[in-house]
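Novice: My questions all concern the structure below.
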């Protein structure tokens with residue numbers, strides 16, 4: 612019975628989307644050549660603007676996961692990049708290497724943000740000012756201000772084998788990357804899967820939640 616209801620709901624959703632597309636196509640068919648040219652030029656201008664923005668991001672270090680040499684580079688990076696994500700690590704901490712792997716992948720995917728890391732032991736002023744107590748800690752900054760941090764793996768499922776999608780979802784809570792998924796439910800959850808099915812109607816918008824629990828990882832106070 613439940614499967615039939617779900618199937619009926621999906622069919623209705625598909626019909627709704629199809630009807631909406633038909634309406635949009637009908638509108639386009641009624642446009643004359645001048646109106647179509649205006650739309651084309653507007654689209655070309657938007658694409659050029661996006662390309663220029665991407666190139667600007669790449670010139671200031673976006674698109675790659677890099678290491679900062681000193682604390683001065685942290686402040687300079689925060690000023691240059693509206694969205695700034697920095698991993699405070701310790702070379703001897705195994706879980707920091709796990710973070711490196713995921714952030715390296717996300718840096719290439721989300722060029723709208725700067726992804727970097729800095730050695731906590733060589734950054735005493737920053738670790739004190741930003742209250743870095745456990746490693747790994749990922750500091751999330753927007754407009755040169757710290758707005759959130761991910762401490763340990765508690766917010767990532769509490770396991771070492773969390774997915775890159777889970778890390779992406781958690782970072783997206785701070786709105787420092789563009790994210791089209793469901794912010795309310797983590798990837799892979801039953802609620803997220805169900806929400807993805809219902810979102811085809813275009814009615815449900817994801818809500819934002821915040822997290823920030825600390826796990827039993829390396830204490831940076833020693």
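Residue numbers (this note's numbering): 612 to 833.
Ideal placement from N, C-alpha and C gives every residue a C-beta, glycine not left out.
Among 749, 668 and 687, whose alpha-carbon lies nearest the alpha-carbon of residue 758?
Specialist: Counted from its first residue, the chain shown places residue 758 at position 147. For the residues 749, 668 and 687, the minimum Cα distance to residue 758 belongs to 749.
Novice: Just the Cα atoms here: how many angstroms apart are residue 811 and residue 680?
Specialist: For the purposes of this step, residue 811 is identified with residue 200 of the chain shown, where counting begins at 1. For the purposes of this step, residue 680 is identified with residue 69 of the chain shown, where counting begins at 1. The pLDDT assigned to residue 811 is 47, lower than 50, so where the model puts this residue is not dependable, and the model offers no usable value.
Novice: Please report the distance separating the alpha-carbon of residue 629 from that of residue 677.
Specialist: Within the chain shown, numbered from 1, the residue matching residue 629 stands at position 18. Within the chain shown, numbered from 1, the residue matching residue 677 stands at position 66. If I take the Cα positions, the gap works out to 45 Å.
Novice: Among 697, 776, 710 and 786, which has the Cα closest to the Cα of residue 738?
Specialist: Against the chain shown, residue 738 aligns to sequence position 127. That would be 697, whose Cα lies nearest to the Cα of residue 738.
Novice: Would you check if there are 3 or more beta carbon pairs closer than 8 Å linking the region 791-799 to the region 728-742?
Specialist: no
Novice: Can you find at least 3 beta carbon pairs, one from the region 713-720 and one from the region 651-670, that sit closer than 8 Å?
Specialist: With the cut-off at 8 Å, the region 713-720 and the region 651-670 do not touch.
Novice: Between which two residues does the alpha helix (DSSP H) carrying residue 709 extend?
Specialist: Start at 1 with the first residue of the chain shown, and residue 709 comes out as number 98. Its alpha helix (DSSP H) spans residues 705-720.
Novice: On the DSSP letters alone, give me the boundaries of the alpha helix (DSSP H) that residue 686 sits inside.
Specialist: What you label residue 686 is simply residue 75 of the chain shown in a count that begins at 1. Per DSSP, residue 686 belongs to the alpha helix (DSSP H) from 682-691.
Novice: Are residue 747 and residue 776 close, meaning C-beta to C-beta below 8 Å?
Specialist: What you label residue 747 is simply residue 136 of the chain shown in a count that begins at 1. What you label residue 776 is simply residue 165 of the chain shown in a count that begins at 1. Cβ distance not < 8 Å, so residue 747 and residue 776 don't count as in contact.
Novice: Tell me the DSSP bridge mates of residue 738?
Specialist: Here the question's residue 738 lines up with position 127 in the chain shown. According to DSSP, residue 738 bridges with nothing at all.
Novice: Measure the C-alpha to C-alpha separation of residue 643 and residue 650 and round it to an integer number of angstroms.
Specialist: Along the chain shown, read from residue 1 onward, the residue named residue 643 stands at position 32. Along the chain shown, read from residue 1 onward, the residue named residue 650 stands at position 39. Their Cα atoms are separated by approximately 11 Å.
Novice: Output the residue ranges of the alpha helix (DSSP H) runs that lie fully inside the region 619-677 and measure 4 residues or longer, sorted by chain position.
Specialist: 644-670
Novice: Pull up the CB-CB distance for residue 674 and residue 722, whole angstroms please, since I reckon it's below 8 Å.
Specialist: Here residue 674 refers to the residue found at position 63 when the chain shown is read from its first residue. Here residue 722 refers to the residue found at position 111 when the chain shown is read from its first residue. Indeed, because the Cβ distance is near 5 Å, the residues count as touching under 8 Å.
Novice: What are the boundary residues of the alpha helix (DSSP H) that residue 781 is part of?
Specialist: As a first step, residue 781 is located in the chain shown; it is residue number 170 there, counting from the start. Element bounds for residue 781: 775-783.
Novice: Is it buried or exposed for residue 787, if we count other Cβ within 10 angstroms and need 16 for buried?
Specialist: For this step, residue 787 is matched to residue 176 along the chain shown. It counts as buried.
Novice: Taking the beta carbon of residue 784 as the centre, do at least 16 other beta carbons fall within 10 Å, making it buried, or is it exposed?
Specialist: As a first step, residue 784 must be located in the chain shown, where it is residue number 173. Within 10 angstroms of the beta-carbon of residue 784 lie 16 or more other beta-carbons, which makes it buried.
Novice: Considering only residues of the same chain and omitting the five flanking positions on each side of residue 790, which have a CB-CB separation below 6 Å?
Specialist: Within the chain shown, residue 790 is the residue found at index 179, counting from 1. Cβ within range, chain order: 783.
Novice: Would you check if the distance between the CB atom of residue 741 and the CB atom of residue 779 is smaller than 8 Å?
Specialist: Mapped onto the chain shown, residue 741 falls at position 130. Mapped onto the chain shown, residue 779 falls at position 168. Not a contact, by the Cβ cut-off of 8 Å.
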